[in-house]
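One structure is given here, and the rest of the page talks about it.
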Amino acid sequence: MKTLLAATAGRSLALLAVTGLGLPAPLLVSPAMAQKRGEAAESLVDLVNPLMGTDSTHELSYGNTYPAVAVPWGMNFWTPVTGKPGSGWGYMYHDFKINGLKQTHQPSPWMNDYAAFSLFAETGPLKIKEDERASWYSHKAETSHPYNYKVYLADYDVTAEVTPTNRAAQFRFTFPKSDDAHILLDGLAGGSMVKIDAANRRITGYVRNNHGGVPDNFHNYFVAQFDHDFSVSRTWDDNWQIGADTTREGGHVGAVVSFRTRDGEQVGVKVASSFISADQAQRNLDSEIGRDSFAATEAKAKAAWEKELGIIRVSDPDLDNKRTFYSAMYRMLLFPRQFHEIDARGTMVHYSPYDGKVHDGPMYTDNGFWDTWRAVFPYFALVRPELDGQIMQGLANAYKEGGWLPEWMSPGQRDVMIGSNSANIIADAYLEGVRGFDIETLYEAMVKNATTSEGRPKDKKGAVVTAVGREGVEWYNKLGYVPYDVGINESAARTLEYATADFSLSRLAAALGKTADAKKYAAQAQNYRKLYDAQSGWMRGRNKDGSWMQPFNPYAWGDAFTEGNALHYSFSAMQDVQGLIDLQGGDRKFTDKLDSIFTLPPVFDNSYYGSVIHETREMQIVNMGQYAHGNQPIQHMTYLYDWAGQPWKTQGHVRDVMAKLYSATPDGYPGDEDNGQTSAWYVFSAMGFYPVTPTVGQYAIGSPLFRSVRLTMPGGKVLTIEAPNNGPKNVYIQSVTLNGKPHDKPWLSRAALQAGGTLRFVMGPTPNTRWGSAKANAPFSMSAPVAR
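If you're matching positions, the sequence shown starts at 11 in this note's numbering and goes up one per residue.
If you want it as structure tokens, here you go:
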């Protein structure tokens, strides 16, 4: 078994080399140790299906994913391309043809790709255009793992394979007997250069394709080292004209090298790239692959995944649930990607997508905090604090180099989504005990976000071009909300998100001894109240004179809200769920309103968008009423019953969502997967708890999915989660013990989880309405519970 190749004396060093994290590896049980203990040495990474969520289109998302061949948080991913290489929908499961294996950095189809180029293999007459060269393929002749992708290109009788490192990869092409066997390197549209060095069996060059968020000097330099001599080498120009020139530069150029092959002959290509220089690309190739065989690189990549996935080991008779769990966990561990490299001094350096210069220190990219602050970063803070600290230092570097905290980076600042949710991930990290980053610089950046919009990057017409700071912050700080009638879209959603960010900022200020700031931002965290319309019972856009927006339809998507409606955003005060309960008139009215989300018909008004957006359609078709789990604003809502004395309803709904909306299949997500957030919801929920409120170190209890979970905490302490009588029907908690002592609270603390021990659930088919329902045991809220 190839996994055993990783169990060598140099395993830890090999893992650090292939992942490039420069972080301590988690303390886990190796397969060899497991065998000594009599445990099964199960390969967790082979439970992963990277094709989960790939059967998506622009109109309807079942994940909007692609099969990423990568190591965790790798600088480069690789993926097969079935569509246009420049399209956000590069791989779609229902397509029939493949035209390349692409180095990709795409975090989302809506952001599209950057720094991409592809390799492809053919036999016979040369075809270079994507649609002409594309080969028929079948999923029956396709193998997809995180550490390897393999496909049979039927039109050419060629098998293509790729296996990754952090900044490099190895390709292996198995050819038939042919006098005309070709490997193409396509620089793709957007600016590229190729140079063939036949004497040294190399192709070098760069690509510059992007969709924004980069300085003018942006390049991705690459080197491709072949293990065969070239019979013929050619390049093509912007007009797809093939010639003997060894160097081409233009808008879209490429190179092709040809061979005479025996039947079954394999041609290997080692590829690496760098955002810094051509020399650094070669350094990345030498340090991460060197003389390693394809099998050795594959074994290292597989071992890297086994280590990360092995932080959580689940045991259960339901194999499909395990496959879904580890497929989701794989997605959760892909982003944000590293953007730093290791130079000749052995020093971590990065090309800055903010100022175009090379700096020392870490940098991470490809992340939208609007999505990932909710569960992805809480996972890092809980289980991988060294990694989280390095990401936070990367944010400090981004602020120093760009003047603002990014909110959506790909690779630099992009004008996408709303809020200042960087505050949540920074404050949560620090309050959860993560260290190793410049918190004072980040606090300065958070305050800048919260107090001014001056100096934000603008285009020639004066329009803000990047999502940094807070749109409408002067109005927000004056009135306590962003008005609906001042030309700022999605004003209600902005207000609600700013209030949550202010809560995080207040908590961090208090921890840093900044008492006045803590008081100020705690008061602003209550601004969500200003949008609650008691007459309708929903959050609502409000004009600058204090009047309510007109007309008002709670089922209308967009307008005052972001990719959702008033029903979804009326539960977006995670910092003060008790305050929401009070506004609604108490626990019973609050839980009735929660219930209604699942029982109301899935009607909607999409007139703001002019057509039905995919998020709306995904809500409509799953038969869960107005519950829109396919988008992030409402994903925490199922857990809010824990605050209102009815935790059994959380248990039932959470298990229902896991069962109906997730599976390790091409249509396995309920909507956009979004940088690991929808996956992280599943990972946390399957373990039995979820982080609703940032910075407070509490996790609302749901309903554990598995009979047993081993969760390895920082420092090697192990939390064992047991639910021995769990099953599809036994979804309700009857009782809980933590280290043998009764646990009656519907939440768990970070300290208790990280201390390890045994958390034991007794499950049953009917609710135990007494467990966890005492008001005094509710999770944290800014407002104290009101006796009724």
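Backbone N, C-alpha and C fix where the C-beta goes; we use that ideal spot for every residue, glycine too.
On a predicted model such as this, the values are computed, not experimentally measured, just so you know.
With 16 or more other Cβ atoms from the protein chains shown falling within 10 Å of its own Cβ, GLU308 counts as buried. The alpha-carbon of ASP677 is positioned some 43 Å away from that of GLY465. Assignment of beta-bridge partners to TYR231 by DSSP yields TYR216 and SER284. Under the 10 Å beta carbon count, GLN636 is surrounded by 16 or more other beta carbons and is classified as buried. Each residue's CA atom was taken as its position, placing LYS367 and GLY686 some 29 Å apart. CA-CA distance, ASN230 to ARG504, rounds to 36 Å. When DSSP states are grouped into helix, strand and coil, ASN487 belongs to the helix group. Take the alpha-carbon of LEU392 and the one of ASP448: they are about 19 Å apart. Looking at the backbone, the Cα of ALA338 and that of THR476 are separated by about 30 Å.
The Cβ atoms of PRO789 and ASP652 lie closer than 8 Å to each other.
The beta carbon of GLN180 is closer than 6 Å to those of THR173, LYS280, PHE304 and THR307 in its chain, skipping five residues each way along the sequence. In this structure the stretch 699-711 touches the stretch 433-441; the number of beta carbon pairs closer than 8 Å is three or more. In the same chain as ARG627, and ignoring 5 residues on each side of it, the C-beta atoms closer than 8 Å to its own belong to GLU69 and LEU70, in chain order. When DSSP states are grouped into helix, strand and coil, TYR440 belongs to the helix group. Secondary structure in the stretch 681-752: the beta strand (DSSP E) runs of 3 residues or longer, each lying completely within the stretch, are 708-711, 718-722, 728-732 and 742-748 in chain order. Using a Cβ distance threshold of 8 Å, ASN158 and VAL79 count as a contacting pair. By the neighbour-count definition (other C-beta atoms within 10 Å, threshold 16), SER621 is an exposed residue. In terms of Cβ geometry, GLU683 and GLY73 form a close pair [threshold 8 Å]. With 16 or more other Cβ atoms from the protein chains shown falling within 10 Å of its own Cβ, ASN176 counts as buried.
Distances from the CA of GLY264 to each of ALA209, GLU732, GLY200 and SER516 were compared; the closest alpha carbon is that of GLY200. Counting along the chain, the unbroken alpha helix (DSSP H) around GLU628 starts and ends at 624-631. Here PHE379 carries a helix assignment [DSSP, helix/strand/coil]. Going by DSSP, LYS470 is part of no beta strand (DSSP E) at all; its letter is neither H nor E. Residue pairing by DSSP places LEU163 opposite VAL168 in a beta bridge. Collapsing the DSSP output to three states places MET102 in coil. Runs of the alpha helix (DSSP H) lying entirely within the stretch 515-548 and spanning at least 4 residues, in chain order: 525-534.
Collapsing the DSSP output to three states places GLU259 in a strand. For GLN594, the enclosing alpha helix (DSSP H) stretches over residues 587-594. By the neighbour-count definition (other C-beta atoms within 10 Å, threshold 16), ASN227 is an exposed residue. In summary, GLN560 is exposed, with fewer than 16 beta-carbon neighbours lying within 10 Å of its beta-carbon over all protein chains present. In the assembly as shown, SER514 is a buried residue. Its beta-carbon has 16 or more other beta-carbons within 10 Å. Contact between the stretch 733-746 and the stretch 468-486 is absent, with fewer than three C-beta pairs closer than 8 Å. Annotation for MET402: the continuous alpha helix (DSSP H) segment containing it runs 395-412. For the 8 Å CB-CB criterion, GLY197 and PHE106 do not form a contact.
Checking the DSSP bridge columns, you'll see GLY774 partnered with TYR742. Put simply, of ASP605, PRO657, ASN616 and TRP658 the residue whose alpha carbon is nearest the alpha carbon of MET634 is ASP605.
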